[in-house]
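Below is one structure, written out as structure tokens; comments come after it.
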Amino acid sequence: MIASKAAAKSIQIQTGALFSLVQFGYFNFNLHRQRGIVPLATKTTSCAATSSLLISRSTSSFAYAKYLIYWRGEHKEGYSESFRQWEFLGALSATIATIHRVDATETYHILERRVSFVNAFAFDPTKRSGLDLRQAVLQAGIYNTALQYMSLHDSIELRSILTPEVMAIATKRCALIHTLYQVLSVGMSYSELIDQSLKSRAFGDTIRSNQTNNRSWALYRHEYSFVNDYNSPRFGKNKTRSESKERAAILALAPLVKDFGGNVNLKNPDCPIYLLEGLRDDISVDNEELYKILCIKLSSGAKHSIMAPSSRICKTTTPLCSIAAHIVCNIAMIRDDEAVLDPFAGSAATLLAASLIAPEAQTVGIEVVSDALLSRENIRRDFSTRGLKPPLAVIEGDVMDATVRNEARKLIGDKAFDVIVTDPPWGRREAASKMLAVDSALSSLIDVIKYNRLAGNPILKKGGRLVIFQPCHKGQRIEELLPSDAQLQSAGLQLQDMKEQRLNDGLSRWVLSFLSV
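According to our numbering, the sequence shown is numbered sequentially starting from 17.
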């Protein structure tokens, strides 16, 4: 962050407060539409308790658009963008289910129906010097999906449930979120920002909180409208902050900041305030006007790098990256009161992510590779050195063996697991299992679930979730790799969703989510 002594002195002249009633979140970009509103897929719900808690009616959508999400960068096209909303809504559903004691799956279906993500950026691919149109469109797509509003549709009670505290808890679980903001006010001018903020009850609440708790604060201004010019060779190349404009903005907003309370701290404020200029609103797709958004930072995303493969004590040749591990655990909506099984545990990356997300969850792994080649002690140390609850066991054995599965059940009180989440072996490890053929891990696991279900000792409870990676090589079609309807029905499973993650030109892996019914 840029912070001169002059800027600090200008800020210290004012001491104020801010907040407002506008909810914002993340957006989804369609290359065929420069800017899009993207409601998630609609699904029906059946849980009366969950529905009555979350569903209601309202008349105004803009007045409640309150959250703005800044996603982590899409370093490799197609690697993470399609999972952003899926991971976040899974984390949000798990958080709501924990706090309000409602069903996480039904909550997710309601959020799917009532939440949409809208681009806050609308960079124009025709205004890029030195780039052909195709390159410019691809680049605009990456940048336009970096910042999104989260808008809610027709649910007063849902808005009351999605408090800043709930949103912050969910955000801290997510590997694909960089920062979550709460929008305080929106306007075309500073005077309009002031007027909107002073009318906001949330703004007044923040002033009182800051004064009571003597919280430090700082205001940072970022401008994005300038990147839509022919002189900028690429989006985001130039810095978005200007000290002189930041000082001028602080003086213009003096009626707000003068009562904010607490000291200014430019390096590590308790309440970072952001003035974002040059953004679209979250309502009109065709609106070309640019707005000023006043918001505060609520939370950062998960610190997934603390479990990066390079930092692990237990090292393997094909580790699951920390981002992917967080994604599947959040899609599985893992919670503290649940039991989690990884039947192809490897070095237990998924279980490590599960413990970071839900520290009180019970985790169990099954791994066919012997302890001589894969140290269970090193796996336990990976948990203990991070202050995390270790797995109850990483059982040495084959998940296809009923004795091994029974041992896993006994570890959690001889009952079924709430969640199965796994990244099956793709290379040498599957050869160690005589019953598991290459690329058949999904089919074999579903047969296992079917067998235990029919035997009366289910490995996955009714209402439980199975989230699994499925590799798909060039020339293959994912439809050919999916289990048949008859196979799923006999196992008591329903396919809920699936999305592709491209790894390279010859290989993708799909994330598949199933519900036990």
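All C-beta atoms, glycine included, are put in the ideal place defined by N, C-alpha and C.
These numbers were taken from a predicted model, which means no experiment stands behind them.
**Study point:** Nearest-angstrom Cα separation, counted from R231 out to L372
**Key:** 29 Å
Point to revise | Sufficient close CB pairs (3 or more, under 8 Å) joining the segment 337 to 352 to the segment 105 to 113 | key: At 8 Å Cβ cutoff, the stretches touch.
Review point. To the nearest angstrom, how far is it from the Cα of R117 to the Cα of G106?
Key: Those two C-alpha atoms are separated by around 15 Å.
Review point. Going by DSSP, what residues sit across from N15 in a beta bridge?
Key: What is shown of the chain runs 17 to 533, which leaves residue 15 out entirely.
Practice item. Would you kindly work out how many angstroms separate the C-alpha atoms of A184 and G317, rounded to a whole number? Key: 9 Å
Check your understanding: Three-state secondary structure (DSSP) at D434?
Key -> Of the three classes helix, strand and coil, the one that applies to D434 here is strand, per DSSP.
Point to revise | In DSSP terms, what R518 is bridged to | key: S524
Exercise for review: Using 10 angstroms around the beta-carbon of S326, count the other beta-carbons present and answer buried if the total reaches 16, otherwise exposed.
Suggested key: Label assigned to S326: exposed.
Review point. Between the Cα of F399 and the Cα atoms of V385, P375, A388, which residue gives the shortest distance?
Key: P375
Check your understanding: If you draw a straight line from the C-alpha of L452 to the C-alpha of M416, how long is it?
Key -> Residue placement at L452 is flagged as unreliable, the pLDDT there being 47, under the threshold of 50; the coordinate-derived value follows with that caveat. Each residue's Cα considered, the two are about 8 Å apart.
Review point. Is DSSP giving D463 helix, strand or coil here?
Key: helix
Review point. Would a C-beta distance cut-off of 8 Å place Y240 and F137 closer than the cut-off?
Key: yes
**Study point:** Own chain partners of A424 with C-beta closer than 7 Å, once the 5 adjacent residues on each side are dropped
**Key:** Around A424, the same chain offers L357, V380, I382, I411 as residues with beta carbons nearer than 7 Å, after the five sequence neighbours per side are excluded.
**Study point:** Uninterrupted beta strand (DSSP E) stretches inside the segment 306 to 370 (no shorter than 3 residues)
**Key:** 307 to 316, 355 to 358
Review point. Where does E567 land, buried or exposed, given buried means 16+ other C-beta within 10 angstroms?
Key: Because the chain here runs from 17 to 533, residue 567 falls outside it and cannot be looked at.
Review point. Per DSSP, which one or two residues make a beta bridge with G381?
Key: D358, V410
Practice item. Using three-state DSSP, classify T195 as helix, strand or coil. Key: strand
Practice item. With distances taken Cα to Cα, identify the nearest neighbour of Y236 among V435, R263, M166. Key: R263
Review point. Tell me, which residues are paired with A234 by DSSP?
Key: Answer is P288.
**Study point:** CB of S315 within 8 Å of CB of P335, strictly
**Key:** no
Check your understanding: Exposed or buried, what is M166 when buried is set at 16 or more other beta-carbons lying within 10 Å of its beta-carbon?
Key -> buried
Check your understanding: So, is S176 buried or exposed, given that buried needs 16 or more other C-beta atoms within 10 angstroms?
Key -> exposed
Exercise for review: To the nearest angstrom, report how far apart P249 and K143 are at their CA atoms.
Suggested key: Bear in mind that the predicted position of P249 carries a pLDDT of just 48, short of 50, making it unreliable; the figure below should be weighed with that in mind. Straight-line Cα distance between these residues: approximately 9 Å.
Check your understanding: For the putative contact between C488 and W442, defined by C-beta atoms under 8 Å, what is the C-beta separation to the nearest angstrom?
Key -> At roughly 11 Å, the Cβ-Cβ gap does not stay under 8 Å, so C488 and W442 are not in contact.
Check your understanding: Where does W14 fall in DSSP's three states?
Key -> Residue numbering for the chain in the displayed model covers 17 to 533; residue 14 lies beyond these limits and cannot be assessed.
**Study point:** H324 classed as buried or exposed, judged by whether at least 16 other C-beta atoms fall within 10 angstroms
**Key:** His is not the amino acid found at residue 324; the sequence shown has Ala there. Looking at its Cβ environment, which holds fewer than 16 other Cβ atoms inside 10 Å, A324 is exposed.
Exercise for review: Thinking L168 and R130 are a contact (beta carbons under 8 Å), I'd like their distance in whole angstroms, please.
Suggested key: That belief holds up - the Cβ atoms of L168 and R130 are roughly 6 Å apart, short of 8 Å.
Point to revise | Exposed unless 16 or more other CB atoms sit within 10 angstroms - verdict on E354 | key: Result: buried.
Check your understanding: Buried or exposed: where does E103 fall if 16 or more other Cβ atoms within 10 Å of its Cβ makes it buried?
Key -> buried
Practice item. With DSSP as the reference, label S98 as helix, strand or coil. Key: Here DSSP, grouped into helix, strand and coil, assigns S98 to helix.
Exercise for review: Determine the direct distance from the alpha carbon of N284 to that of R421, and round the result to whole angstroms.
Suggested key: 49 Å
Review point. How many whole angstroms separate the CB atoms of L209 and K319, which I take to be in contact at a CB cut-off of 8 Å?
Key: Actually they do not touch by this definition, with Cβ atoms about 33 Å apart.
**Study point:** Cβ shell of L528 (< 6 Å), same chain only, five flanking positions each side left out
**Key:** I484, Q486, M514
**Study point:** Sequence-distant residues of its chain with Cβ nearer than 8 Å to S391 (five each side left out)
**Key:** C330
Review point. Are the CB atoms of I289 and W233 nearer to each other than 8 Å?
Key: yes
Review point. Do I465 and L509 have their CB atoms nearer than 8 Å?
Key: yes
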